[in-house]
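Undergrad:
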Amino acid sequence: MNITIVGTGYVGLVSGTCLADLGHSVHCVDINREKVEMMQKGKVPIYEPQLEEVFLRNIKGGRLFFTTELKEAMKVSNVIFLALPTPPGEDGSADLSYVLNVAEQIGDLMTEYTLIVNKSTVPVGTSEKVKNLIQTKTKFPFDVVSNPEFLREGYAVEDFMKPERVIVGGSSQRAFEIMDRIYLPLTNAGIKMIKMDEKSSELTKYASNSFLATKITFMNEVANYCEKVGADVDKVRFGMGSDERIGNRFLFPGLGYGGSCFPKDVKALIKSGKEVGHNFQILESVEKINQKQKTILIPEVEKYLGGLEGKNIAIWGLAFKENTDDIREAPSLEIIEQLLEKGAKVTAYDSIASDNVKKIWKNKITYADNMYDCIEGADALIIATEWGEFRNPHFNILKEKMKNRAIFDGRNLYDLNELAFHGFYYKSIGRKLIK
Ligand code: NAD
């Protein structure tokens with residue numbers, strides 16, 4: 093099939109590349125000219141494991157194209173996926189301007205039956221809004237379906253190719269049949285497609301992300317309580333996770349959830365609820381607790397050092413989680429802001445995400461080229477991302493290079509006994525403090 097993808101961010105580029113790998117001919121459209129030129133030259137503009145290989149294979153195979161012109165793409169395809177940003181507006185609601193602008197353009201450009209497939213995360217009722225808008229623009233028949241995306245950054249290609257389910261929300265048989273054909277290579281391999289109405293589909297995405305955010309937050313609350321009563325959250329986590337009703341995923345305590353999805357989706361669901369007089373009390377608490385959790389280590393570092401003025405603080409990890417260059421709503425950024433406000437000097441290291449932080453804070457902090465340069469002369473080290481390379485450091489080098497043997501670990505990477513053996517002051521989340 094000929095497919096157009098509008099928006100080539102984490103979702104659009106991965107979806108487009110993977111749909112091409114399933115044999116479709118895919119035209120990716122983005123308004124960012126620089127990005128499009130990069131892709132036309134065979135360069136992937138984001139960091140995502142496995143993506144480059146699939147991307148190059150499909151360009152070579154003549155199934156994957158890039159353009160800034162929606163009109164050009166629509167000449168060869170009448171199935172259009174929207175993978176556009178839906179960032180939080182000032183009041184927390186999802187900003188639908190990107191989606192509605194493109195819907196309007198599609199309405200103007202249509203010359204035959206067109207299927208609009210919305211992959212962006214949007215509030216309940218957006219399909220209807222898009223339908224009503226396009227209706228005012230065209231006399232040609234069309235359908236709108238909701239097809240929320242559940243991929244995780246860092247595992248996006250794998251998640252797209254082997255999803256636990258594909259959700260399609262719609263109300264037209266013709267649209268469902270096209271979606272069946274698009275996803276046939278996956279459903280043939282045993283992956284289930286769950287069909288429902290548009291509103292339920294739109295809410296499935298928000299409810300899923302909000303539930304996962306709640307699970308993370310619940311565990312962070314348990315971890316903080318563990319510290320007060322002398323329990324070990326790792327043991328509690330194993331004990332809880334072995335109950336199948338609970339499951340062992342998303343039970344890791346840490347610095348709270350970040351990224352481009354959970355924070356904005358929780359906010360948007362709270363706001364959508366308010367619009368119809370529904371109070372998502374549980375999510376309001378989740379948001380509040382999560383915000384506090386991101387900087388929970390700062391008072392600990394401050395206490396240990398007797399103040400932060402003039403202190404050298406090293407940060408390992410800037411990305412909001414491992415295996416991605418995404419820094420949106422990353423705990424590291426809030427930690428750094430607070431450290432700077434309190435007069436500390438910050439040196440940070442992240443092999444993949446540093447470039448994105450440099451774009452916003454060129455000279456505000458120092459960027460190290462490797463993890464050991466980063467800790468040279470440091471009064472304390474804060475670990476903000478669980479990158480693999482931080483999991484087994486040479487503790488002897490740390491002892492040699494750091495001014496103080498002090499690690500504040502927001503990702504619980506190390507064994508308590510090992511850190512005690514090496515004589516570190518080691519503060520992690522929900523576990524015993526090693527002095
Ligand atoms: P992104 O910010 O990485 O990418 C969006 C892209 O759209 C950018 O390249 C931008 O230049 C482009 N764009 C903006 N306006 C355009 C226009 N008028 N025409 C063409 N292109 C335009 O966003 P993302 O992370 O891929 O997220 C897209 C949507 O998918 C959001 O609704 C998000 O909530 C949802 N989602 C994201 C993830 C994730 O892990 N990132 C997972 C599931 C769902």
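Residues in the sequence shown are numbered from 93 upward in steps of one, following our numbering. A virtual CB, placed ideally from N, CA and C, is assigned to each residue, including glycine. Treat the numbers as computed from the prediction; the structure is a model and nothing was measured.
#1: Output the distance between the C-alpha atoms of Lys558 and Asp200, rounded to the nearest integer angstrom.
#2: Where do the N-terminal and C-terminal ends of the alpha helix (DSSP H) with Val146 fall, by residue?
#3: Mind checking whether the beta-carbon of Thr213 lies closer than 7 Å to any heavy atom of the ligand MN?
#4: Taking buried to mean at least 16 other C-beta atoms within 10 Å of its own C-beta, is Arg125 buried or exposed?
#5: Answer yes or no: the CB of Leu243 versus the heavy atoms of the ligand NAD, is any distance below 7 Å?
#6: Determine, for Pro277, whether the minimum Cβ-Cβ distance to residues of chain C falls below 8 Å.
#7: Could you give the first and the last residue of the continuous alpha helix (DSSP H) run that contains Lys356?
#8: Between which two residues does the beta strand (DSSP E) harbouring Ile172 extend?
#9: If we count the other Cβ atoms within 10 Å of its Cβ and call it buried at 16 or more, is Lys211 buried or exposed?
#10: Just the C-alpha distance for Ala360 and Gly184, rounded to the nearest angstrom, thanks.
#11: Here's the rule I'm using: 16 or more other beta-carbon atoms within 10 Å means buried, otherwise exposed. How should Asn312 be labelled?
#12: Where Lys284 and Lys254 are concerned, what is the direct C-alpha to C-alpha distance, given to the nearest angstrom?
#13: If you measure from the CB of Thr218, is any heavy atom of the ligand NAD nearer than 7 Å?
#14: The beta strand (DSSP E) that contains Phe234, what's its start and end?
#15: His370 and Ile274 - do their beta-carbons sit closer together than 8 Å?
#16: When DSSP builds the beta bridges, which residues end up paired with Lys287?
#17: When you compare only the Cα positions, how much space is there between Asp461 and Ile489?
#18: Alpha carbon to alpha carbon, how far is Lys307 from Phe344? Give it in angstroms, no decimals.
#19: Cα-Cα, which of Lys395, Arg244, Leu225 is closest to Val236?
#20: Who pairs with Ile95 in a beta bridge, going by DSSP?
#21: Strictly by DSSP, which residues pair up with Thr303?
#22: Any heavy atom of the ligand NAD closer than 7 Å to the Cβ of Thr387?
#23: At a cut-off of 7 Å, would you count Cys353 as near the ligand NAD, judging by its Cβ distance to the nearest heavy atom?
TA: Reading it off the structure:
#1: Nothing can be reported for residue 558: it is not among the residues displayed for the chain, which extend from 93 to 527.
#2: 143-152
#3: The ligand MN is not among the ligands present in this structure, which contains only the ligand NAD.
#4: exposed
#5: yes
#6: Given the protein chain composition of this structure (a single chain), no chain C is represented.
#7: 354-367
#8: 171-174
#9: buried
#10: 6 Å
#11: buried
#12: 10 Å
#13: no
#14: 234-238
#15: no
#16: Val260
#17: 16 Å
#18: 9 Å
#19: Leu225
#20: Val118, Val171
#21: A quick correction: the sequence has Phe, not Thr, at residue 303. Paired residues: none, contrary to the question.
#22: no
#23: yes
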